[in-house]
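Peer 1:
Residue numbers (full-length UniProt numbering): 1 to 169.
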C-alpha cells in the first residue's frame, strides 16, 4: 500500500542519504562515548556531562533516522562495517586533550550538517516534507550545540563579529 503518496524512485536518493547520515551518527555517537570515558583534567566535569548529553541526543537521533528510512519503506543500514564504509566521519583516539576532543566534535558537526543539507536537497526533489522537517529541526539543534562548544573553546578576550552592532549605532 502506498500510504506516502510519493514516488519510490524519487525517495531512493533520500533513503540513501539518510543511511549515510545514520552511519555518520553512529560514528559520532561512539566518538562521544569514547571522549566521555577518557576526558581528563580541569574541564572534566563540564565536558564529561556535555559529552553525555550529546551522546544521549545522538542515540535518540539514530533511532529516529532509522525509523524515517523505514517510514520511506527502505531498510536502514545496520552493520558497523557498513557505517565505517559509508560515513564521512572517522574514528578518533580518546587519548587526546580536551581541546582536541572539542575540535574533533566540531569537525564532525560540520560534516553532519553538510550531510543533513544533502538529505534536504534530495527530499525537496521528492516532495518529502517529513524528512525536510526532521532535518530542519536537527540542523537548528546541532548548530546550537556547535555554537556552545565553539564558545567553550574560545579565550575570554575573543569577540564575535561586530558588524551588526556597529551598523546600528
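Glycine included, every Cβ here is placed at the ideal spot set by N, Cα and C.
All figures in this text were calculated on a predicted structure; none of them were measured in a lab.
1. Determine the DSSP secondary structure at residue 143, reduced to helix, strand or coil.
2. I need the boundaries of the alpha helix (DSSP H) containing residue 219, first residue and last residue.
3. Compare the Cα-Cα distances from residue 33 to each of 79, 51 and 20 and report the closest residue.
4. Which residues mark the beginning and the end of the alpha helix (DSSP H) in which residue 192 is found?
5. Tell me the rounded alpha-carbon separation between residue 46 and residue 106.
6. With DSSP run on the structure shown, which of helix, strand or coil describes residue 3?
7. Might you give, ordered along the chain, the residues of its own chain that have their beta carbon closer than 8 Å to the beta carbon of residue 41, omitting 5 neighbours on each side?
8. Between residue 86 and residue 113, how many whole angstroms is the CB-CB distance? I'm expecting something under 8 Å.
9. With a cut-off of 8 Å, do at least 3 Cβ pairs link the stretch 119-131 to the stretch 13-23?
10. Between the Cα of residue 54 and those of 141, 69, 75 and 125, spot the shortest distance and give me the residue it belongs to.
11. Are the CB atoms of residue 22 and residue 116 within a distance shorter than 8 Å?
12. Taking the C-alpha atoms as reference points, what is the distance between residue 78 and residue 68?
13. Of all Cβ atoms in chain C, is any one closer than 8 Å to the Cβ of residue 121?
14. Hey, how far is the Cα of residue 125 from the Cα of residue 10?
15. Residue 38 to residue 7, Cα distance in whole Å?
16. If you count every other CB in all the chains shown that lies within 10 Å of the CB of residue 75, and 16 or more means buried, which is it?
17. Less than 8 Å between the beta carbons of residue 48 and residue 36, yes or no?
Peer 2: Judging by the given coordinates:
1. DSSP places residue 143 in helix when its eight states are reduced to three.
2. Residue 219 is absent from the model: the chain starts at 1 and stops at 169.
3. It is 51 whose Cα lies nearest to the Cα of residue 33.
4. Nothing can be reported for residue 192, as the shown portion of the chain is limited to 1 through 169.
5. Distance from the CA of residue 46 to the CA of residue 106, rounded to the nearest whole angstrom, comes to 16 Å.
6. Residue state, collapsed to three classes: coil.
7. Cβ within range, chain order: 97 and 98.
8. About 17 Å; that fails the 8 Å criterion.
9. Contact holds: three or more Cβ-Cβ distances are below 8 Å.
10. With distances taken between Cα atoms, residue 54 lies closest to 141.
11. Taking 8 Å as the Cβ cut-off, residue 116 and residue 22 do not qualify as a contacting pair.
12. One Cα belongs to residue 78, the other to residue 68, and the distance between them is close to 14 Å.
13. Among the chains of the structure shown, chain C does not appear; only one protein chain is present.
14. C-alpha separation (whole angstroms): 7 Å.
15. A direct Cα-Cα distance of roughly 46 Å separates residue 38 from residue 7.
16. Exposed.
17. Cβ distance < 8 Å, so residue 48 and residue 36 count as in contact.
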